[in-house]
Amino acid sequence: MGRSHEERAPLGSRSQRRADLGKLAASTGASFVSSRVRGWGREGHEVDDQFHAATAEKMLELLGSMKGAAMKVGQIASFVDLDLPPEAQETYRRVLGELRDSAPSVDPDTISEVIHDEYGIGPEQAFARWDPEPIAAASIGQVHRARLDDGTEVVVKVQYPGIADAIEGDLDNAEAFAPLTRAFSPNLAIKPLLVELRERLVDELDYQREAEHQRAFAERYEGHPFIAIPRVHPAYCRPRVIVSDYVDGQSFDEMVETSDEGARRRYGEIIYRFVFGSIHRFRLFNADPHPGNYLFGDDGRVTFLDFGSVKAFSSRTREQIQQQMRSVWENDPAALLASLDDAGFLPHAHKTDADRLMAWFRQFNAPILDDGEWEYTPEFAREVIRTTTDPRLGYVDLLRKLNLPADYLLLNRIQWGVNSILGRLGARANWHQITLEMFGDGHSGTDLGVEEQAFFEQSPFVA
Numbered sequence: 005m006g007r008s009h010e011e012r013a014p015l016g017s018r019s020q021r022r023a024d025l026g027k028l029a030a031s032t033g034a035s036f037v038s039s040r041v042r043g044w045g046r047e048g049h050e051v052d053d054q055f056h057a058a059t060a061e062k063m064l065e066l067l068g069s070m071k072g073a074a075m076k077v078g079q080i081a082s083f084v085d086l087d088l089p090p091e092a093q094e095t096y097r098r099v100l101g102e103l104r105d106s107a108p109s110v111d112p113d114t115i116s117e118v119i120h121d122e123y124g125i126g127p128e129q130a131f132a133r134w135d136p137e138p139i140a141a142a143s144i145g146q147v148h149r150a151r152l153d154d155g156t157e158v159v160v161k162v163q164y165p166g167i168a169d170a171i172e173g174d175l176d177n178a179e180a181f182a183p184l185t186r187a188f189s190p191n192l193a194i195k196p197l198l199v200e201l202r203e204r205l206v207d208e209l210d211y212q213r214e215a216e217h218q219r220a221f222a223e224r225y226e227g228h229p230f231i232a233i234p235r236v237h238p239a240y241c242r243p244r245v246i247v248s249d250y251v252d253g254q255s256f257d258e259m260v261e262t263s264d265e266g267a268r269r270r271y272g273e274i275i276y277r278f279v280f281g282s283i284h285r286f287r288l289f290n291a292d293p294h295p296g297n298y299l300f301g302d303d304g305r306v307t308f309l310d311f312g313s314v315k316a317f318s319s320r321t322r323e324q325i326q327q328q329m330r331s332v333w334e335n336d337p338a339a340l341l342a343s344l345d346d347a348g349f350l351p352h353a354h355k356t357d358a359d360r361l362m363a364w365f366r367q368f369n370a371p372i373l374d375d376g377e378w379e380y381t382p383e384f385a386r387e388v389i390r391t392t393t394d395p396r397l398g399y400v401d402l403l404r405k406l407n408l409p410a411d412y413l414l415l416n417r418i419q420w421g422v423n424s425i426l427g428r429l430g431a432r433a434n435w436h437q438i439t440l441e442m443f444g445d446g447h448s449g450t451d452l453g454v455e456e457q458a459f460f461e462q463s464p465f466v467a
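Shown next, in the form of structure tokens:
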């Protein structure tokens, strides 16, 4: 499951965490930019693989041991297609991918203390069987296998002690992330991303809230032909512990390595249907599309994990989103401005370049514009990020002048992750027809669409 790491506690003082981040940025940032200037601008220049591998290893070692916001930044860098040449992107994806699958774990005694604090007894007494060796270690907590008294095999997600304070300290010292982040994308606007990161991580600290969200998704997808959500066991859940059914399956990287093009297309369509179908059918949005949150079963089903950052929309917001998309399909700038104004995007007395705004929306929504098959690529994912973050392309000033209603804070940004995941799969389908199907306005021609429509015709939750 990747290289082994020395077990270590996730904490450190705020000053120490800030100093560690500063050292990492200082030791890698200048060389990173120098490498970019020296070699990436010339076609055919061989990328310095040893340099990038060493930099990625430094990030893995430090960010993995720090947990919290620092580790979350590394996880994002491991799969989102940033402004890097493909060779360098693959190096960071390969090394930093371990932050999703086999990051440094916290020692068993520390986890046992959390279990004792939450249950009043140790893990060996709380469960019929307890495995002290974690099967996954993430930014907020780590996951252990266990068995309930009735024989049910479960996973127990335990929050690291003191992680809330560590996250608060990281984000209070947010400027320490800037040199490291700008090394990846020199023109990235870091402040709004850190604001979003803060809100997401604060949500993820509330495990009881996460358990309720997971139960809501599990109810809506119970019996679905190709989407699965592990059942939650509420009687065992606590403020810092979530217990749900154990599910076996391949990781994202394992699936990519072993599957053929047809299987990858199928999985890409399933991921798309889950992410966007949940919005349009249930007004629920899981705001953490992340390769580490998927398991791929032998039966062709995909199990979706981790519901720490979920947004529920009103019916009105869903209608506004769909109206915005229809105006983009029809290439009607006036209708787009009207729908954005209705949703609260347009500041009063501000004149917006409607044609330029439409151009950005059409670039951002390229996969669903036309009634035909469209293939996601890593380059498309990178280009979408550039249009949103690189002032040289002419959209950033336009977008910054718009209001961003709270309901949309996660929705627009999180599509970066979906684009990168589908790009890596080379996902290809008629996304236009699939989206109309989710709107309730059409029937998909795909086999998965036929199966899904039959399921949702019987669902009491679709409204």
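Count along the sequence shown from 1, then add 4; that gives the number in our numbering. Glycine is no exception: its CB is placed at the ideal position from the N, C-alpha and C atoms. Owing to the predicted nature of the structure, the values given are computational and were not obtained by experimental measurement.
Out of Ala132, Val332 and Leu341, which has the shortest C-alpha to C-alpha gap to Asn369? Counting from one through the sequence shown, the residue named residue 369 turns up at place 365. Closest in C-alpha terms to Asn369, from the list Ala132, Val332 and Leu341, comes Val332.
Measuring only the C-alpha atoms, how far is Ala338 from Ala358? On the sequence shown, position 334 is the one that residue 338 refers to. On the sequence shown, position 354 is the one that residue 358 refers to. Rounded to whole angstroms, the separation of the alpha carbons of Ala358 and Ala338 is 7 Å.
Using DSSP bridges, identify the partner residues of Gly145. Within the sequence shown, the letter at position 141 stands for residue 145. Note: Gly145 sits in a beta bridge opposite Gln163.
Determine, using beta carbons only, whether Arg213 and Gln163 come nearer to each other than 8 Å. Residue numbering aside, residue 213 sits at position 209 when the sequence shown is read from its first letter. Residue numbering aside, residue 163 sits at position 159 when the sequence shown is read from its first letter. Arg213 places its beta carbon 8 Å or farther from that of Gln163.
Between which two residues does the alpha helix (DSSP H) carrying Ile139 extend? Within the sequence shown, the letter at position 135 stands for residue 139. Note, Ile139: premise wrong, no alpha helix (DSSP H); not H, not E.
Keeping to the same chain, check which residues put their C-beta closer than 6 Å to that of Tyr123; ignore five residues upstream and five downstream. For the purposes of this step, residue 123 is taken as the residue at position 119 of the sequence shown. Once the five neighbours on either side are set aside, the close Cβ partners of Tyr123 are Ala130.
Pick from Gln326, Ala267, Val160 and Ala140: whose alpha carbon is nearest that of Asp445? Counting from one through the sequence shown, the residue named residue 445 turns up at place 441. Ranking Gln326, Ala267, Val160 and Ala140 by CA distance to the CA of Asp445 puts Gln326 first.
Measuring CA to CA, which of Ile144, Gly155 and Pro351 is closest to Ile171? Translated into positions along the sequence shown, residue 171 becomes position 167. It is Ile144 whose Cα lies nearest to the Cα of Ile171.
Just the Cα atoms here: how many angstroms apart are Tyr225 and Leu299? Mapped onto the sequence shown, residue 225 falls at position 221. Mapped onto the sequence shown, residue 299 falls at position 295. In a straight line, the C-alpha of Tyr225 is about 16 Å away from that of Leu299.
Does the contact criterion of 3 or more C-beta pairs under 8 Å hold for the segment 421-437 versus the segment 302-309? No, because fewer than three Cβ pairs between the segment 421-437 and the segment 302-309 fall closer than 8 Å, the two stretches do not touch.
Give me the residue from Ile372, Asp374 and Asn335 with the minimum Cα distance to Ala363. For the purposes of this step, residue 363 is taken as the residue at position 359 of the sequence shown. The residue from Ile372, Asp374 and Asn335 with its alpha-carbon nearest to that of Ala363 is Asn335.
Decide if Ala142 is buried, meaning its Cβ has at least 16 other Cβ atoms within 10 Å, or exposed. Start at 1 with the first residue of the sequence shown, and residue 142 comes out as number 138. Classification of Ala142: buried, given that the 10 Å Cβ count is 16 or more.
For Ser248, the residue or residues it bridges with in DSSP: Position 244 of the sequence shown, counting from 1, holds the residue named residue 248. When DSSP reads this structure, Ser248 sits in a beta bridge with Val159 and Val236.
Determine the DSSP secondary structure at Tyr298, reduced to helix, strand or coil. Within the sequence shown, numbered from 1, the residue matching residue 298 stands at position 294. If DSSP states are grouped into helix, strand and coil, Tyr298 belongs with the strands.
Report the rounded CA-to-CA distance for Asp111 versus Glu128, giving the unit in angstroms. Counted from its first residue, the sequence shown places residue 111 at position 107. Counted from its first residue, the sequence shown places residue 128 at position 124. Our two residues, Asp111 and Glu128, have alpha carbons roughly 16 Å apart in a direct line.
Counting pairs of beta carbons, one from the segment 290-299 and one from the segment 447-466, are three or more of them closer than 8 Å? Touching, no, given that fewer than three Cβ pairs across the two stretches are closer than 8 Å.
Outcome for Ala316 when other beta-carbon atoms lying within 10 angstroms are tallied against a minimum of 16: For the purposes of this step, residue 316 is taken as residue 312 along the sequence shown, with counting starting at 1. Ala316 should be labelled exposed.
So what does DSSP say about Gln462, is it helix, strand or coil? Taking the sequence shown and counting its residues from 1, one reaches residue 462 at position 458. Taken through DSSP and simplified to helix, strand or coil, Gln462 comes out as coil.
Could you give the distance in angstroms between the alpha-carbon of Gly266 and the alpha-carbon of Leu452? Counted from its first residue, the sequence shown places residue 266 at position 262. Counted from its first residue, the sequence shown places residue 452 at position 448. In this structure, the alpha-carbon of Gly266 lies about 13 Å from that of Leu452.
Excluding the 5 residues flanking Thr321 on each side, which residues of the same chain have their C-beta closer than 7 Å to its C-beta? Here residue 321 is taken as the residue at index 317 of the sequence shown, counted from 1. Setting aside the 5 residues that flank it on each side, Thr321 is surrounded in the same chain by Asp411, each with a C-beta closer than 7 Å to its C-beta; the list follows chain order.
Using a 10 Å radius around the Cβ and a threshold of 16 neighbouring Cβ atoms, would you call His447 buried or exposed? On the sequence shown, residue 447 is found 443 positions in, with the first residue counted as 1. His447 counts as exposed, since fewer than 16 other beta carbons sit within 10 angstroms of its beta carbon.
By the 10 Å Cβ neighbour count, where 16 or more other Cβ atoms means buried, how is Val454 classified, buried or exposed? Residue numbering aside, residue 454 sits at position 450 when the sequence shown is read from its first letter. The C-beta of Val454 has fewer than 16 other C-beta atoms within 10 Å across all chains shown, which makes the residue exposed.
Could you give the residue range of the beta strand (DSSP E) that holds Phe289? On the sequence shown, residue 289 is found 285 positions in, with the first residue counted as 1. Where Phe289 is concerned, the enclosing beta strand (DSSP E) starts and stops at Leu288 to Asn290.
Using a Cβ-Cβ cutoff of less than 6 Å, which residues in the same chain neighbour Ala3 once the five nearest sequence positions on both sides are dropped? Outside the shown range of the chain, which is 5 to 467, sits residue 3, and nothing can be said about it.
Three-state secondary structure assigned by DSSP to Phe317: If you number the sequence shown from 1, residue 317 lands on position 313. Here Phe317 carries a coil assignment [DSSP, helix/strand/coil].
Residue interval of the alpha helix (DSSP H) (run including Phe308): For the purposes of this step, residue 308 is taken as the residue at position 304 of the sequence shown. Phe308 -> not in any alpha helix (DSSP H); beta strand (DSSP E) instead, spanning Val306 to Phe308.
With the cut-off set at 8 Å, would you say Val160 and Val247 are in Cβ contact? Counting from one through the sequence shown, the residue named residue 160 turns up at place 156. Counting from one through the sequence shown, the residue named residue 247 turns up at place 243. Yes. Within cutoff.
What residues in its chain sit with their C-beta under 6 Å from that of Pro165, if we drop five residues either side in the sequence? Position 161 of the sequence shown, counted from the first residue, corresponds to residue 165. Leaving aside the five residues that flank Pro165 on each side, the residues in its chain whose CB is nearer than 6 Å to its CB run, in chain order, Val118.
Judging by CA-CA distance, which residue of His217, Arg149 and Val400 is the nearest neighbour of Asp249? Residue mapping note: residue 249 aligns to position 245 of the sequence shown, counting from 1. Considering only alpha carbons, the answer is Arg149.
According to DSSP, Glu379 sits in a beta bridge with which residue or residues? Position 375 of the sequence shown, counting from 1, holds the residue named residue 379. Glu379 is bridged by DSSP to Arg432.
Would you report the Cα separation of Glu441 and Leu152, rounded to the nearest angstrom? On the sequence shown, position 437 is the one that residue 441 refers to. On the sequence shown, position 148 is the one that residue 152 refers to. Rounded to the nearest angstrom, the gap between the Cα atoms of Glu441 and Leu152 is 41 Å.
Excluding sequence positions up to five away, which residues of its chain have a Cβ less than 6 Å from the Cβ of Gly272? To locate residue 272, count along the sequence shown from 1; it is residue 268. The answer, listed in chain order, is Leu426, Leu429 and Ala431.
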